[in-house]
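Structure first, then comments.
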Amino acid sequence: MPARLVRPGPGSFVATIPVDDRAITNRFGPHLSEMTAARLSTSVEPERLVKTHCCFCGQQCGIQLKVRDNEVIGFEPWEEFPFNRGMLCPKGVKRYLQGSHPDRLLTALQRDPSADGGFAPIAYADGIARAAAEIQRLQSAYGAGSIGVLGGASLTTEKTYLLGKFARVCLKTPFIDYNGRLCMVSAGAGNKKAFGIDRVTNPWADMIGTDVIWVAGSNVAECAPITTNYLWQAREHGARIIIQDPRLTPVARTCDLFLPVKPGRDAALFAGVLQIMIEHRWLDQRFIDAHTAGFDAVAAYCRGWPIEKTADVTGVPRRSIEQAAEMWATAPTGFLLHARGIEHHSNGVQNVLGSINLVLATGRLGRPHCGYGTIVGQANGQGGREHGQKCDQLPGLRDISNPEHRRYISGVWGIDEAALPGPGVDAYEMFRKIDAGEIKGLISICFNPKVSLPDNNFVTRCLEKLEFYTAIDFFLNDTARHADIVLPGSLHEEDEGTVTQVEGRIIKVNKAVDCPGDARQDWKIIQDLACALDRPHGFTFDEPRQIFEELRIASKGGVADYSGVTYEKIEREMGVFWPCYANDPRTGEPIADHPGTPRLFEPGSYNPIARGSGPFYFPDGRARFNLADYRVPVDDVGEEYPIFLTTGRVVSQFLSGTQTRRIGPLVKQYPEPRIEMHPRLAAELGIADRDWATAETRRGTITLRAMVVNTIRPDTIFIPYHWAGEKSANQLTVAAQDPISKIPQYKVCGCRVRKADGPPAYDAVLEPQQ
Amino acid sequence: MKPDHLRFFIDPSRCIGCQSCVQACTECDTHRGESMIHLEFIDRAASVQTVPVVCMHCDQPTCAEVCPADAIKRTADGVVQSARKPRCIACGNCVVACPFGVPEVHEERKLMMKCDMCYDRTSIGKKPMCATVCPSQALYYGTAEEIDRLRPMSTPSNRFQFGNQVITTRVFVMWPRGPVTLAVPLDITAPLADRAGADPFAHVEL
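Shown next as structure tokens:
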């Protein structure tokens, strides 16, 4: 064992970053890539066009990458792909510039304070061997559960499946979770409670022809840009559009009704609206009677939300609430969408359930032009949560606490059910366990919690407590700076596999180029670790297709049944909606070519839970109204911290910026985070546009330039979260979590703001993206 | 020769300011990494409203008429080209004269560069980059029949009046179908922030 990995003694913090942050940045970036050489020359023709998808958000737009000399040199729109028909947001347009990047990790690295940038290149095999040795050492000293695994929802479904299996079968640890915890878990939990299945109910094409679309807490224009065209096409065909948001977002500018809700008050708004609907009998009583349960208890709760109280609590004008109820409920058809705006709350599941109650009360499911769904944020937000890297789930959306589910998956994996660990804990709780000394070693892939988790100065302190940390990534992300060993993983365009996008459509990502240098496809790295740990059984796949074939079997009979899906079928049909069965769930007979299920809950539809008793995934076939209780947010505004802080995205950046803060044209579009505030608030604080302003919460402070605009509530500020270090909005956010979904409350907390004395120290030394 | 039945349509009411058009313009082969179009934030302090500014490709281009160097040419199929490098003297006459605010002088190159409707693409039947990628389809390229089918609430127009000057263009702008009445008398020269009802948060007390 190399000397530097020997624990010097209790209390020593080995996972502290090896050298000064700035020295790491100088060596490993983020630096910017630009259009140069073959990417600019008109005389260079691509050798081939590879049909694949964008690597960023949950829309998963089809795109063709231009490839020459093992380099992606540009793109050509893929106009035949049905979801986006060639459309791309700026991230998609410039995605190809992440390849051939100066910051790309080309070797394994080990922490070495004497090396340039604090990390020294080592042979890949040595990196694997050292990681395996440390995992073994910790597990023999402290038990299997001393190792935690953090995955990500940008990985292909094959990788997420393998990672879940690796944690449970090879490492035998219950502690695996993923960054979807920060994204769609409130929606997932709400959907399961209401429908028994966790998926968007309808394809987006069903929006065209609907009469009303209600968008709750989604900045569609910046976070799901391609969905904009669906909204506008629906409007061209008669739909009215309701937007519920504390900011007047680009789609809100021309909407029919804007509900400027106070951050954290969404469940109250939904309850108040449902109360008006009940008072006016604007209900689909036949649907409620025939297909749902639990309406009466919800109606009783809503009686506590008369319009005056709703307006008072939510900050939405009374007239607007009345209009929303009428516009939504009296239309023949409707579609409700929501996203992180209502989900990123310690009351996130309740907010989701409140919105679902509006859908159920109007019977807007199981038919064209009606539907409901969350707009997932991450590439594989859907598929990445279905097949086993979520702490409480097994493949096929199975439950790790359900004995029957455990038996089935143990059988597929060839292990004794007793050896399969039970449920672990959510990603944030894993850091609390690191803090408490229970988890001592960490393996992470595709997750940058030092930027993306709330109250991230706590996360940094936890990283410093780890005895051993190995990170798999293609760039040295901000969290990986704490690693002992870094293993060079693969970019999206260097591997193939499946992803399940926002609509529940399984699509196929295709390989365009080989991994450069010593970099490896992530699934190979996981298998190499399993092999070095001397537990290779079940980790000897030769290609992603083989992993997918096993996943089909593992998902079979589960709610997320992929058994009828093949790579060929996905390519042929440009996507397949799950469930897609190999055997008829009714008869058990093999089905040659199941068409998949674009629209859920159609009348007469059969599912393996209801077994014909109804369209919903409960034994009685009925959907559930759930009490959607409003609770005041944790760390709400008060005398000391009187202004709401809310956080979110800008269109040109993605998540923690590991990729997009390295792409020159995207950085140029919105170089640095700014504090968005209303001119009335700015005037009260004596702050002018572009002034340096300091925002402070109970957890931290940040100094950024102000952006004074009247498109935000005057009692609220907004800061985008894509930046690291002193520019990281998550220094301020609160680690309060929803009790059911464990999603953090990113979208609201109390803060105070003042004009800064001058520019912050970082301004003189850091480039905008750093 | 550009297929005659394909047309360019702009609907600024759809624009979400994402800059996908501007980013994609740099990817068109002959643009060599430079964008020939731009996106206007009308008044960001007061509104999120943005407008993608692509060339309208006038039938009688004012930019060409005022050019002292005769550097701006219109092709037989109606596309007004970017300034010709050997002729352009970067005087900016076209910038001042264009009623749509399209041309921009690139100072470092001493050259006016503007949208050529991705001539290398459109001349062989492909769509321009910007209209292909535009996530809101504020920029659309297709046939008159397609736009009619896709946008039953809107109607295209390519005739504009600026003072006494009437201009017809190759590019169409989408308008609401039927008579348009404004809810309040609108002074379009007033700052957005001063217009009636402009602050959707007027009811919020601090």
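So the protein lines, in turn, are chains A and B.
Following this note's numbering from start to finish, the first sequence increments by one per residue and tops out at 818.
Following this note's numbering from start to finish, the second sequence increments by one per residue and tops out at 207.
From the three backbone atoms N, C-alpha and C, an ideal C-beta is built for every residue, glycine too.
This structure is a prediction, so every number in the text was calculated from the model and none was measured.
7 Å Cβ cut-off: residues of chain A touching B:Thr-144: Translated into positions along the second sequence, residue 144 of chain B becomes position 143. Correct list: empty, because the minimum Cβ distance to chain A is about 15 Å.
A:Cys-303: contacting residues in chain B (beta-carbon distance under 9 Å): Here residue 303 of chain A is taken as the residue at index 255 of the first sequence, counted from 1. Going along chain B, no residue has its Cβ under 9 Å from A:Cys-303, so there is no contact; the nearest lies around 10 Å.
With 16 other Cβ atoms within 10 Å as the buried cut-off, status of B:Ser-158: Indexing the second sequence from 1 puts residue 158 of chain B at position 157. So B:Ser-158 ends up on the exposed side.
Beta carbon proximity, B:Thr-27 to chain E, threshold 8 Å: Any reference to chain E falls outside this structure, whose protein chains are A and B.
A:Gly-389 burial status per 10 Å Cβ neighbour count (16 or more: buried): Taking the first sequence and counting its residues from 1, one reaches residue 389 of chain A at position 341. Buried, because 16 or more other Cβ atoms sit within 10 Å of the Cβ of A:Gly-389.
Within 8 Å of chain B by C-beta, residues of the region 726-740 of chain A in sequence order: His-726, Pro-727, Arg-728, Leu-729, Glu-732 and Asp-737
Of the residues B:Met-154, B:Phe-161, B:Ala-203 and B:Ile-148, the one placed nearest B:Phe-10, counting alpha carbons only: For this step, residue 10 of chain B is matched to residue 9 along the second sequence. Nearest option by C-alpha distance: B:Ile-148.
Coarse secondary structure for A:Ile-760, derived from DSSP in three states: Here residue 760 of chain A refers to the residue found at position 712 of the first sequence. DSSP places A:Ile-760 in strand when its eight states are reduced to three.
Closest Cα partner of B:Leu-7 within the set B:Arg-45, B:Val-49 and B:Val-80: Residue 7 of chain B sits at position 6 when you count from the first residue of the second sequence. The shortest C-alpha separation from B:Leu-7 is found at B:Val-80.
Within-8 Å CB hit, A:Gln-281 to chain B: The residue labelled residue 281 of chain A in the question sits at position 233 within the first sequence. Answer yes: the Cβ-Cβ gap between A:Gln-281 and chain B drops below 8 Å somewhere.
Interface residues of chain A facing B:Thr-31 [CB-CB closer than 8 Å]: Here residue 31 of chain B refers to the residue found at position 30 when the second sequence is read from its first residue. The answer, in chain order, is Thr-90.
Residue-chain proximity (B:Arg-110, chain A), Cβ-Cβ < 8 Å: The count along the second sequence starts at 1 and reaches residue 110 of chain B at position 109. So, not an interface residue.
Euclidean distance between Cα positions of B:Lys-127 and B:Tyr-142: Residue 127 of chain B sits at position 126 when you count from the first residue of the second sequence. Residue 142 of chain B sits at position 141 when you count from the first residue of the second sequence. Going by the C-alpha atoms only, they are around 10 Å apart.
Proximity of A:Ser-700 and A:Thr-708 at Cβ, strictly below 8 Å: On the first sequence, position 652 is the one that residue 700 of chain A refers to. On the first sequence, position 660 is the one that residue 708 of chain A refers to. Yes.
Unbroken beta strand (DSSP E) run spanning B:Asn-159, endpoints: Against the second sequence, residue 159 of chain B aligns to sequence position 158. That run of the beta strand (DSSP E) goes 155-163.
Neighbour flag for A:Lys-142 against chain B, beta carbons, 8 Å: Reading the first sequence from its first residue, position 94 is the one you call residue 142 of chain A. So, interface residue.
Contacting positions in the region 94-125 of chain B - beta carbon closer than 7 Å to chain A: none
Among A:Cys-797, A:Leu-219, A:Lys-139 and A:Gly-748, nearest to A:His-585 - alpha-carbon criterion: As a working mapping, residue 585 of chain A is identified with position 537 in the first sequence. A:His-585 has its Cα closest to that of A:Leu-219, out of A:Cys-797, A:Leu-219, A:Lys-139 and A:Gly-748.
Beta strand (DSSP E) segment containing A:Ala-168, residue limits: Translated into positions along the first sequence, residue 168 of chain A becomes position 120. Taken as a continuous stretch (DSSP letters only), the beta strand (DSSP E) holding A:Ala-168 covers 167-170.
Exposure of A:Arg-433, with buried meaning 16 or more beta-carbon neighbours within 10 Å: Counting from 1 along the first sequence, the entry for residue 433 of chain A is found at position 385. Label assigned to A:Arg-433: buried.
The region 250-269 of chain A contacting the region 332-350 of chain A, beta-carbon criterion three pairs below 8 Å: no
Pairwise C-alpha distance: A:Ile-355 and B:Val-54: On the second sequence, residue 54 of chain B is found 53 positions in, with the first residue counted as 1. On the first sequence, residue 355 of chain A is found 307 positions in, with the first residue counted as 1. Whole-angstrom Cα-Cα distance: 44 Å.
Cβ neighbours of A:Leu-210 in the same chain (closer than 7 Å, five flanking residues each side left out): The count along the first sequence starts at 1 and reaches residue 210 of chain A at position 162. Taken in chain order, the residues that qualify are Trp-571, Ile-574 and Ile-595.
A:Asp-447 - DSSP class collapsed to helix/strand/coil: Locating residue 447 of chain A in the first sequence gives position 399, where the first residue counts as 1. Strand at A:Asp-447.
Own chain partners of B:Met-57 with C-beta closer than 6 Å, once the 5 adjacent residues on each side are dropped: Residue numbering aside, residue 57 of chain B sits at position 56 when the second sequence is read from its first letter. Taken in chain order, the residues that qualify are Phe-101, Thr-170 and Val-172.
Proximal residues of chain A, C-beta to C-beta of B:Gln-138 below 7 Å: Within the second sequence, residue 138 of chain B is the residue found at index 137, counting from 1. Correct list: Asn-277 and Trp-280.
Spatial distance of B:Glu-146 from B:Pro-153 (CA atoms): To locate residue 146 of chain B, count along the second sequence from 1; it is residue 145. To locate residue 153 of chain B, count along the second sequence from 1; it is residue 152. Spanning the two alpha carbons is a distance of roughly 11 Å.
8 Å Cβ cutoff, A:Pro-150 in contact with chain B: Position 102 of the first sequence, counted from the start, is the residue given in the question as residue 150 of chain A. So no, A:Pro-150 is outside the interface.
A:Phe-522 vs A:Arg-152 beta-carbon contact at 8 Å: The residue you call residue 522 of chain A lines up with position 474 of the first sequence. The residue you call residue 152 of chain A lines up with position 104 of the first sequence. A contact, by the Cβ cut-off of 8 Å.
With 16 other Cβ atoms within 10 Å as the buried cut-off, status of B:Phe-42: One-based indexing of the second sequence puts residue 42 of chain B at position 41. B:Phe-42 is exposed by the Cβ-count criterion.
Neighbour list for B:Arg-152 in chain A, Cβ cutoff strictly below 7 Å: Along the second sequence, one-based indexing puts residue 152 of chain B at 151. In chain order: Glu-284.
Under 9 Å by beta carbon: chain A residues contacting B:Ile-17: Stepping through the second sequence from its first residue, residue 17 of chain B is reached at position 16. Going along chain A in sequence order, the residues near B:Ile-17 (Cβ under 9 Å) are Val-268, Ala-269, Glu-270, Pro-273, Thr-276, Thr-297, Pro-298, Val-299, Arg-301 and Val-699.
Contacting positions in the region 757-773 of chain A - beta carbon closer than 7 Å to chain B: Val-757, Asn-758, Thr-759, Arg-761, Pro-762 and Asp-763
Sub-8 Å separation of B:Ala-25 and B:Val-134 beta-carbons: Looking up residue 25 of chain B in the second sequence gives position 24. Looking up residue 134 of chain B in the second sequence gives position 133. Closer than 8 Å, so yes.
A:Gln-398 to A:Pro-681 span [Cα, whole Å]: By one-based count along the first sequence, residue 398 of chain A stands at place 350. By one-based count along the first sequence, residue 681 of chain A stands at place 633. If you take the alpha carbons of A:Gln-398 and A:Pro-681, they lie about 12 Å apart.
Cβ-Cβ distance between A:Leu-307 and A:Ser-368 below 8 Å: As a working mapping, residue 307 of chain A is identified with position 259 in the first sequence. As a working mapping, residue 368 of chain A is identified with position 320 in the first sequence. Their beta carbons are under 8 Å apart, which means A:Leu-307 touches A:Ser-368 by this criterion.
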